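**Q**
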Amino acid sequence: MSAEPILTVNNLNVKFNLRGKVLHAIRDISLTVYEGESLAIVGESGSGKSVFTKTFMGLLDANGYIESGDIIYKGMNLAKIKNEKEFIKIRGKEIAMVLQDPMTSLNPLKTIGSQIAEAVRMHQGLRGDALKAATIEILKDVGITEPERRYKQYPHEFSGGMRQRVVIAIAVACRPKILICDEPTTALDVTIQAQILKLLKDLKKKFDLTTIYITHDLGVVANVADRIAVMYAGDIVEIGTSEEIFYDSKHPYTWALLSSLPQLGIKGQDLYSIKGTPPNLFQPIEGDAFAPRNPLALKIDFIKRPPYFSVSDTHKARTWLLDERAPKVEPPKHIRMLRAHGGNYNG
């Protein structure tokens, strides 16, 4: 992994106006994405993962806005762009996104070939036979057999996994520097999930991409992510290499997510589930947002938001448990089991 930052987010705050109230969706997030890496952003639904990455492309809903903060990409501050024409230069060509539901991403009235060709023409400037040849080549790149025949077919003639490959083909056809994959395997069965993740890994290598995965399932990214950022209630509560998050995590919310992995279930016992619900982001949050759901919460967790504590050069977590004054706490049994597995965990 290159040590050169490709995108840097500083103190980002995003809010939405909803029915006369203000929802604070992204709460003072800072993050550096490095060129050539594969970063996973993990958290429950509603934690702010998709909203966070949509700010990179100017895709916030009309009632959302960046209140403060910076998103620096190639010397540009994307957080300050107000002009749609400026974002058109970024979307696709620089930063592209694969959405989780290919049926809503594809036009049912256009052939697969024409939809991919549109992206190739716009971003590679090809026409005529060269355009068709490049489109068929991309179909091959994403593992679609008989590409000449498939080129003329419509989305409804493809399976869910094949449609997801087409959506990936459209994104890759733009030749982006950063590819954001928003829950790319959610609607697919386990076998197809593995195929799509392998495809994304292969395309990353072939096209020298920086990839950002968005998912609620840590198991999905176990074998594809170099680093993992754990999000909760609009904040990154822990970030580290995949090994650090899986085998040396420190935040109780990360422990809870890991404990929820089906692979750690014990036959005859209920699967672990996180008690309670995420906080109401219409209200100001005092202390650690996860405290009301955290059986290990300290008194200070309800009073003061924890700072980041460094675990290593690549690993930090927002939890008072890392303060030298905090009592020593053992991780839950599921986490101890995971650590006992060591490097044999395969996701």
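The numbering of the sequence shown is numbering that gives the first Met the number 0, which starts it at 0 and goes up by one. Just so you know, even glycine gets a beta-carbon here, dropped at the ideal spot from N, CA and C. Bear in mind that the values here come from a model prediction, so they are computed numbers and not experimental data.
Can you name, in chain order, every residue of its own chain whose Cβ lies under 6 Å from the Cβ of I71, other than the five neighbours on each side?
**A** Once the five neighbours on either side are set aside, the close Cβ partners of I71 are T7.
**Q** Taking the continuous alpha helix (DSSP H) assigned at S49, which residues delimit it?
**A** Element bounds for S49: K48 to K53.
**Q** Please state whether the Cβ-Cβ distance between N241 and A224 is less than 8 Å.
**A** In the sequence as presented, Asn is not what sits at residue 241; that position holds Ser. The answer is yes: Cβ separation under 8 Å.
**Q** DSSP on A118, reduced to helix/strand/coil?
**A** If DSSP states are grouped into helix, strand and coil, A118 belongs with the helices.
**Q** Determine whether the Cβ of R226 lies closer than 8 Å to any Cβ atom of chain D.
**A** Looking for chain D here will not work: only one protein chain is present.
**Q** How big is the Cα-Cα spacing for G342 and M336?
**A** Confidence at G342 is low in this model, with a pLDDT of 46, below 50, so the placement of that residue should be treated as unreliable; the coordinate-derived value is given next. Their Cα atoms are separated by approximately 12 Å.
**Q** Could you tell me how far apart the beta carbons of L77 and I87 are, in whole angstroms, since I believe they sit closer than 8 Å?
**A** The pair is not a contact, with the Cβ atoms about 13 Å apart (cut-off 8 Å).
**Q** Would you mind listing the beta strand (DSSP E) stretches within the stretch 22-71 that are 3+ residues and don't spill past its ends, in chain order?
**A** Fully enclosed beta strand (DSSP E) runs of 3 or longer: 37-41.
**Q** Just to check my reading of the structure: I40 and K48 have Cβ atoms closer than 8 Å, yes? What is that Cβ distance to the nearest angstrom?
**A** Yes, they are in contact, since the Cβ atoms of I40 and K48 sit about 5 Å apart, within 8 Å.
**Q** What is the residue span of the beta strand (DSSP E) that D234 lies within?
**A** Per DSSP, D234 belongs to the beta strand (DSSP E) from D234 to T240.
**Q** Assuming the contact rule is C-beta atoms closer than 8 Å, I65 and V32 should be a hit. Round their C-beta distance to whole Å, please.
**A** Not confirmed; about 17 Å, so no contact.
**Q** Among R126, G218, R174 and Q114, which one has its Cα closest to the Cα of A149?
**A** Reading off the sequence shown, one finds Arg at residue 149, where the question assumed Ala. The shortest Cα separation from R149 among R126, G218, R174 and Q114 belongs to Q114.
**Q** Quick one: what does DSSP say K88 is sitting in, helix, strand or coil?
**A** In this structure, K88 counts as helix in the three-state DSSP scheme.
**Q** Would the beta-carbon of I177 fall within 8 Å of that of T209?
**A** Closer than 8 Å, so yes.
**Q** Could you tell me which of V310, P294 and Y307 sits nearest to E329, measuring between CA atoms?
**A** Answer by Cα proximity: P294.
**Q** Within 10 angstroms of the Cβ of Q163, are there 16 or more other Cβ atoms? Answer buried if so, exposed if not.
**A** Buried is the call here.
**Q** Closest by CA to I357, which one among H215, Y153 and V165?
**A** With the chain covering only 0 through 346, there is no way to say anything about residue 357.
**Q** I need the DSSP call for L199, collapsed to helix, strand or coil.
**A** In this structure, L199 counts as helix in the three-state DSSP scheme.
**Q** Which word fits A2, buried or exposed, when buried means at least 16 other C-beta atoms lie within 10 angstroms of its C-beta?
**A** Label assigned to A2: exposed.
**Q** Using only CA atoms, which one of D201, Y212 and K131 lies nearest to K151?
**A** It is K131.
**Q** Cβ of V236 within 8 Å of Cβ of Y252?
**A** Yes. Within cutoff.
**Q** Between which two residues does the alpha helix (DSSP H) harbouring V219 extend?
**A** Run containing V219: L217 to V220, per the alpha helix (DSSP H) assignment.
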